[in-house]
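In what follows, a structure is listed as structure tokens, so that the remarks can point back to it.
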Amino acid sequence: MPLIVVTTSPRVAPGLLAPAAWAALAGGRVLTGSPAHPVLPYLEEAGVRVGVVTPDPVALARDSRTETIVWLAAQDGDEALMRAVGHAAISLDDPPVIEVVPGSYDLPGARLLDLVGVMDRLRRECPWDRRQTHDSLVPYLVEEAYEVLETIDQGDYAALREELGDLLLQVVFHSRLAQERIVPPGEEAGEEPEGFDIDDVAAGIVEKLVRRHPHVFADVRVSGAGEVSDNWETIKAAERAAKGQSGSVLSGVPMGQPALSLAAQLLRRAGRAGAPASLGEDLPSATGARLFALVRQAQEEGLDPEAELRAAAREYRRRVEEWEAHGKSHGESHATP
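Listed below in structure tokens is the structure:
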């Protein structure tokens, strides 16, 4: 007779179980070591009796040789217990068959629910996290974005995973702060803008992506990536008009970004609208005009001026470090006189 281990995911509604799991739960003596397991009320409603016992790996291995035992694992998987059951089974002359039946599977993105839960707890219980505001988090948001950029520039894709997680935390953190401004039903809103939560953030970007990709989610046909970009700009212009915003192609360009990337974005947006190149000439600062012209030149050559300057800065740093190492090896001093 087998020992059937039914596992469940804490990121799936507890009443939703796979047909194979329901069949297993109805076909043997069901036991669990988790008296507060969230699936228990649903099993009781379905008429499945579950015995709550102190886990005993030897007894589980021994008894499952003569009857079908279904073990409802804790939501962490009961891994230590299962290893102990396996060792106990091997020591028997007639070891039982141990079968694992997943009761529920995580869907892609399910671990984001864990992140939301961790953030909620940090906001409640951590003194540092409790006192943060949108404004106080701004430096971390900028820093994490640049750290992501650094890993991509260096081709360090192993580190990219961690840095993207740090950046994602900032999105979840800001959403959690905004959630605290949500006005409960029956209460009047104050002067502060009404809040939103992470689901509102996700819903907003989903709606935007669907709306801006009619060639994927509707019946619009495109000939290539260039037409996709043209449609994107047309749709964005319609969105701005619907919101009563300026019809300028430059509307929405963040002016607080670094000057080099700002100039590149302004030129790119204006170029799409057919703005003449002469608008970038005779600027108030001669030095600024030369830098602006270099940005235009880089774009005409198909280059990202921000990336090009950053690559040059990295090479310059390497050369300075090499010079420092060479100078130190000869006992030279580079202190400012």
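Heads up: the sequence shown begins at -3 in our numbering, then just goes up one per residue. Each residue gets a CB set at the ideal place from its N, CA and C atoms; glycine is no exception. None of the values given here were measured: they were computed from a predicted structure.
Give a yes or no on whether the C-beta atoms belonging to residue i and residue j are separated by under 7 Å.
i       : j      : result
Ala69   : Thr3   : yes
Val168  : Met115 : yes
Pro(-2) : Val97  : no
Val46   : Leu39  : yes
Pro53   : Ala20  : no
Trp67   : Val8   : no
Val48   : Thr64  : no
Pro301  : Leu256 : yes
Val249  : Gln261 : yes
Leu118  : Asp110 : no
Gly191  : Arg177 : yes
Gly99   : Leu13  : yes
Pro34   : Pro51  : no
Arg264  : Ile231 : no
Val144  : Glu159 : yes
Ser219  : Arg236 : no
Phe213  : Val224 : no
Leu156  : Thr147 : yes
For residue i, write down the residues that DSSP places opposite it in a beta bridge.
i     : result
Trp67 : Val1 and Leu27
Val46 : Val26
What whole-angstrom Cβ distance do residue i and residue j have, given they're in contact under 8 Å?
i      : j      : result
Ala174 : Asp149 : Actually they do not touch by this definition, with Cβ atoms about 32 Å apart.
Ala259 : Val291 : 5 Å
Phe288 : Gly276 : 5 Å
Ser5   : Asp102 : 5 Å
Leu163 : Ala141 : 6 Å
Glu229 : Arg268 : 6 Å
Arg58  : Leu88  : 7 Å
Asp90  : Arg120 : At roughly 52 Å, the Cβ-Cβ gap does not stay under 8 Å, so Asp90 and Arg120 are not in contact.
Ala22  : Val44  : 6 Å
Leu406 : His170 : Past the edges of the chain, shown from -3 to 333, lies residue 406, and the structure says nothing about it.
Is residue i helix, strand or coil by DSSP?
i      : result
Pro37  : helix
Pro301 : helix
His326 : Since pLDDT at His326 reaches only 47, below the 50 mark, its modelled position is unreliable, and the value read off the structure follows with that caveat. Coil at His326, not helix or strand.
Thr62  : coil
Thr147 : helix
Met78  : helix
Ile201 : helix
Ile178 : coil
Ser219 : coil
Pro53  : helix
Phe192 : coil
Thr283 : helix
Ala16  : helix
Asp210 : Note on identity: in this sequence residue 210 is Pro, with Asp being the wrong assignment. Of the three classes helix, strand and coil, the one that applies to Pro210 here is helix, per DSSP.
Lys232 : helix
Arg292 : helix
Glu158 : helix
Asp226 : helix
Ser132 : helix
Asp125 : helix
Gly270 : coil
Ser244 : coil
Ala331 : With a pLDDT of 43 at Ala331, under the threshold of 50, the modelled position of that residue is not reliable, and the figure given next carries that caveat. Coil.
Val8   : coil
Val316 : helix
Val167 : helix
Ala32  : coil
Val138 : helix
Gly276 : helix
Glu311 : helix
Gln261 : helix
Cβ-heavy atom distance between residue i and the ligand FAD below 6 Å?
i      : result
Ala259 : With respect to small molecules bound, the structure shown includes none, and the ligand FAD cannot be examined in it.
Exercise. If you scan the stretch 87 to 117 from start to end, which runs of the beta strand (DSSP E) of 3 or more residues do you find wholly inside it?
Worked result: 93 to 98
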